[in-house]
Ligand code: CA
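Residue numbers (the numbering used here): 33 to 284.
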């Protein structure tokens, strides 16, 4: 599938040039000419990367970046920066951007940055094969929980998707909105985000049944941020060596 890139740039000629270059390189670009429209596009499901100008009408690039950090913090962003504004570039990187290119840039230069950021993007994580807590194992391929007494509990596709999403970003809280757009493909919305809470509750009780009392040790609630895998949960990746959880955020 072609990777989707949202191009937020108000100067028509520059935006068109970027879109043409991305199209030629096999990407699926989506255009936005102001910050608000760009933020809406960036929050849609299936977006892999955002190219973000800073000086934009309606909502400036820093505001777009800050809002994306609140709801879609794993979405990679490359800043399109004007020449001679080093402070802006630093501010952008501090604000959560992954990289920047300085205008005027060549198509080749831009594509090289895009390629580099997408390659290290957590949106394409190493597949998690097994998720473990104490004696209990979640087999992601089979979508089932194996407890140490040998019993098995099946997970729904939604439950498995949520768990895999949390595992792919272990050590970091994932907002309800981000879970919605990544797992369900919905837009932001109060009604739909409550559905996430319901699925989390059911997932926790299945996990707790397999490892008594440990529901919230599998999936922690992070106040004001969303959900994350608990700090004692271990992961096995589809790679030569297994990997343990890294540093974690504070947990409620
Ligand atoms: Ca501009």
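In this text, a Cβ means the ideal position worked out from N, Cα and C, and glycines have one as well.
Looking from the CA of residue 199, the closest CA among 227, 119, 259 and 82 belongs to 259.
CA-to-CA, the gap between residue 91 and residue 149 works out to about 24 angstroms. With respect to the C-alpha of residue 75, the residue from 207, 252 and 244 having the closest C-alpha is 207. If you check the CB distance, residue 241 and residue 185 come in under 8 angstroms. Rounded to the nearest angstrom, the gap between the Cα atoms of residue 96 and residue 244 is 43 angstroms.
Annotation for residue 43 indicates a beta carbon within 7 angstroms of some heavy atom of ligand 1. By the C-beta density criterion, residue 140 is exposed, having fewer than 16 other C-beta atoms within 10 angstroms.
When 45, 127, 89 and 68 are compared, the shortest CA-CA separation from residue 135 is found for 45.
In the DSSP annotation of this structure, residue 206 is not part of any alpha helix (DSSP H), being labelled neither H nor E. With a cutoff of 7 angstroms, residue 91 does not count as near ligand 1, since its C-beta is closer than that to no heavy atom of the ligand.
Taking a C-beta distance under 8 angstroms as the contact criterion, residue 142 and residue 99 do not qualify as a contact pair.
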